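Engineer: My structure is below; once you've seen it, I'll send some questions.
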Amino acid sequence: MKDVYILGIESSCDETAAAVVKNGREVLSNIISSQVPLHTLYGGVVPEIASRKHTEKIVPVVSEALKSAGMTLSQMDGIAVTYGPGLVGALLIGVSFAKALSFSSGKPLLAVNHIEGHIAANFLSEPELRPPFLSLVISGGHTHLVRVDDYGEFTVLGRTCDDAVGEAFDKVARAIGLGYPGGPKIEKAAKLGDENAYSFPKARVEGSVYDFSFSGLKSAVLNTLNKAEMTGTEVRKEDIAASFQKACVSVLCDRVSLALKETGAKQFVLAGGVSSNFAIREALKTLCEKKGVAFHVPEPVLCTDNAAMIAAAGFIEYEKGRFAKFSLNAVPNLKIGEKE
Ligand code: KG4
Ligand code: ZN
């Protein structure tokens with residue numbers, strides 16, 4: 000069988016990324032230009048700055064991805080690009096660039112949903128992985144519990160009703176003065192804290208056993224901080240971080256445990272930027288081991304935003320012959336499983 004090479008392009012938030020992936024499984028190059036230091040100045044992602052930076056970086060990043068894979072554009076079989084969800088201005092840079100590249104090279108255009116990309120990162124880290132499996136996608140913008148029935152076939156069981164789990168990490172980090180990006184900083188601080196210092200709520204969503212709510216947890220942290228300030232009580236950041244992280248771990252494990260029981264899934268796949276958190280990885284791994292379920296999670300560099308995962312998801316589109324039209328547009332609120 001002929002090998003298939005996909006060039007992936009990602010620009011949905013604050014990373015400009017490009018990668019070359021062979022047969023949807025093997026990463027030949029994975030170039031990521033992060034804008035984090037730029038946005039740190041403002042305490043979060045500034046959409047207009049993100050778009051401008053993507054415009055500057057897209058050409059060198061794509062060139063570097065081809066060069067470091069030792070390949071040329073003419074050797075690619077398809078060009079995969081994230082078209083949603085994400086920041087509209089940021090998405091448009093990648094989409095416009097990929098369309099132009101596809102038009103000029105004659106290579107098929109493959110439209111990829113960013114969340115489906117996060118799940119597909121597991122096909123890169125675990126070459127033998129095949130659907131069906133249960134997946135939890137936890138990132139800065141998304142918290143989804145999904146049944147992956149087959150390649151490119153998704154049934155959403157639960158999602159967040161308010162903040163995504165990564166968003167809660169970022170907001171709590173800001174509140175305790177750790178700055179942006181909050182996730183890794185909370186994780187680091189939590190290692191030095193007492194996770195039983197505070198008992199934060201683990202919200203359930205009425206009427207929907209698989210849904211999540213993180214805004215209550217975030218508010219509970221803010222209330223604790225406000226109360227401490229008013230009463231002049233000293234608060235250790237590390238204890239807040241550890242107690243908050245413990246509450247997140249507990250909520251995630253609770254929903255996954257129920258979903259594993261009720262779906263009878265034999266494999267569980269963790270995905271998204273927050274899954275680079277060691278405490279979350281370990282807790283879900285232990286849960287799966289106890290239940291005799293195979294546990295998979297990509298290495299941290301494939302958990303946070305990258306284009307190799309977009310190429311891996313693009314390969315599925317390629318195999319299904321689902322080629323995008325040049326009328327493809329950015330869809331900021333694209334839902335998982337939705338097609339352009
Ligand atoms: O998947 P991702 O790179 O971008 C989105 O699609 O949103 O995820 C970014 C999110 C941010 O909220 C960041 O704080 C969080 O992932 N994150 C973490 C860790 N590393 C990144 N959260 C907790 N612990 C970490 N180690
Ligand atoms: Zn992401």
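Numbering (numbering that gives the first Met the number 0), first residue to last: 0 to 339.
Beta carbons: idealized from backbone N, C-alpha and C, even for Gly.
This structure is a prediction, so every number in the text was calculated from the model and none was measured.
#1: For the stretch 99-185, list the alpha helix (DSSP H) runs that are entirely contained and at least 4 residues long, ordered along the chain.
#2: Cα separation between A167 and S103?
#3: For the ligand KG4, is there a heavy atom less than 7 angstroms away from the beta-carbon of N225?
#4: Indicate, with yes or no, if the ligand KG4 has a heavy atom lying under 7 angstroms from the CB of T303.
#5: Measuring straight from C-alpha to C-alpha, what distance separates L27 and G206?
#6: I need the straight-line Cα distance from R51 to A89, nearest angstrom please.
#7: Helix, strand or coil for S10 per DSSP?
#8: For the ligand KG4, is there any heavy atom lying closer than 7 angstroms to the beta carbon of F325?
#9: Is the separation between the beta-carbon of L144 and that of G157 shorter than 8 angstroms?
#10: Might you give, ordered along the chain, the residues of its own chain that have their beta carbon closer than 6 angstroms to the beta carbon of K245, omitting 5 neighbours on each side?
#11: According to DSSP, is G192 part of a helix, a strand, or is it coil?
#12: How is S198 classed by DSSP in three states: helix, strand or coil?
#13: Using a C-beta cutoff of 8 angstroms, does F211 count as contacting chain D?
#14: If you reduce the DSSP assignment to three classes, tell me which class F96 lands in.
#15: According to DSSP, simplified to helix, strand and coil, what is K245?
#16: Taking the alpha-carbon positions, what's the E233 to D253 distance?
#17: Heavy atom of the ligand ZN less than 7 angstroms from the Cβ of G271, yes or no?
#18: Could you give the first and the last residue of the continuous beta strand (DSSP E) run that contains S28?
#19: To the nearest angstrom, report how far apart V61 and A310 are at their CA atoms.
#20: Using 8 angstroms as the threshold, is the stretch 92-101 in touch with the stretch 277-288, meaning 3 or more CB pairs across them?
#21: In chain order, what residues of the same chain lie with their CB nearer than 6 angstroms to the CB of L72, ignoring the 5 residues before and after it?
#22: With C-beta atoms as the reference, is I335 less than 8 angstroms away from I114?
#23: Please identify the residue among M75, L86, M70 and N22 whose C-alpha is closest to the C-alpha of A49.
#24: Do F211 and T159 have their CB atoms nearer than 8 angstroms?
#25: As a quick exercise: from E186, H38 and P59, pick the residue whose alpha carbon is nearest that of S275.
#26: Among all the DSSP beta bridges, which residues are the ones paired with L269?
#27: Beta carbon of H38: closer than 7 angstroms to some heavy atom of the ligand ZN?
#28: Compute the Euclidean distance between the alpha carbons of P297 and A312, then round it to the nearest angstrom.
#29: Taking 8 angstroms as the limit between beta carbons, can you name the residues of its chain near D148, skipping five residues before and five after?
#30: Sorry if obvious, but does the Cβ on S275 come closer than 7 angstroms to a heavy atom of the ligand KG4?
#31: What residues match up with G83 in a beta bridge as DSSP calls it?
#32: Once you ignore the five residues that flank N305 on each side, which residues in its own chain have a CB closer than 8 angstroms to its CB?
#33: Would you say the beta carbon of F168 comes nearer than 7 angstroms to a heavy atom of the ligand KG4?
#34: Do you know offhand how far D162's Cα is from G139's?
#35: Give me the Cβ distance between V208 and L257, rounded to the nearest whole Å; I'm assuming they're in contact under 8 angstroms.
#36: Measuring alpha carbon to alpha carbon, tell me which of S11, I57, Q34 and N112 ends up nearest K338.
Structural biologist: The structure says:
#1: As for any alpha helix (DSSP H) of minimum length 4 sitting wholly inside the stretch 99-185, the runs are 113-124 and 164-174, ordered along the chain.
#2: If you draw a straight line from the Cα of A167 to the Cα of S103, it is about 42 angstroms long.
#3: No, the beta carbon of N225 sits no closer than 7 angstroms to any heavy atom of the ligand KG4.
#4: Indeed, a heavy atom of the ligand KG4 lies less than 7 angstroms from the Cβ.
#5: Rounded to whole angstroms, L27 to G206 spans 46 angstroms at the Cα level.
#6: In this structure, the CA atom of R51 is about 8 angstroms from the CA atom of A89.
#7: DSSP places S10 in coil when its eight states are reduced to three.
#8: No, since every heavy atom of the ligand KG4 falls outside the 7 angstroms radius drawn around the Cβ of F325.
#9: Closer than 8 angstroms, so yes.
#10: The answer, listed in chain order, is E194.
#11: Three-state result, G192: coil.
#12: DSSP places S198 in coil when its eight states are reduced to three.
#13: The structure shown contains no chain D; it holds only a single protein chain.
#14: In this structure, DSSP gives F96 a helical state, which the three-state scheme calls helix.
#15: In the displayed model, K245 falls within a helix according to three-state DSSP.
#16: Spanning the two alpha carbons is a distance of roughly 32 angstroms.
#17: Relative to the ligand ZN, G271 has its C-beta within less than 7 angstroms of a heavy atom.
#18: Looking at the DSSP string, the run of the beta strand (DSSP E) that includes S28 is E25 to S33.
#19: Approximately 13 angstroms, taken between the alpha carbons.
#20: No: the two stretches stay apart, fewer than three of their Cβ pairs being nearer than 8 angstroms.
#21: For L72, where only same-chain residues beyond five positions count, the Cβ hits under 6 angstroms are S104.
#22: With a cutoff of 8 angstroms on beta-carbon distance, I335 and I114 are scored as near each other.
#23: For the residues M75, L86, M70 and N22, the minimum Cα distance to A49 belongs to L86.
#24: Cβ atoms of F211 and T159: closer than 8 angstroms.
#25: Its Cα nearest to that of S275, the residue E186 stands out among E186, H38 and P59.
#26: Partner(s): L135.
#27: It does not: the Cβ of H38 is nowhere closer than 7 angstroms to a heavy atom of the ligand ZN.
#28: Going from the Cα of P297 to the Cα of A312 covers about 14 angstroms.
#29: Cβ contact annotation for D148 (same chain, cutoff 8 angstroms, sequence separation greater than five): P130, P131 and T154, in chain order.
#30: True, at least one ligand heavy atom lies under 7 angstroms from that Cβ.
#31: Looking at the DSSP assignment, G83 forms a beta bridge with N112.
#32: The answer, listed in chain order, is E9, E14, A16, A18, N29, I31 and A120.
#33: Yes, the beta carbon of F168 sits closer than 7 angstroms to at least one heavy atom of the ligand KG4.
#34: One C-alpha to the other measures close to 9 angstroms.
#35: With a Cβ gap of about 6 angstroms, V208 and L257 count as contacting.
#36: Ranked by Cα distance from K338, the first of S11, I57, Q34 and N112 is N112.
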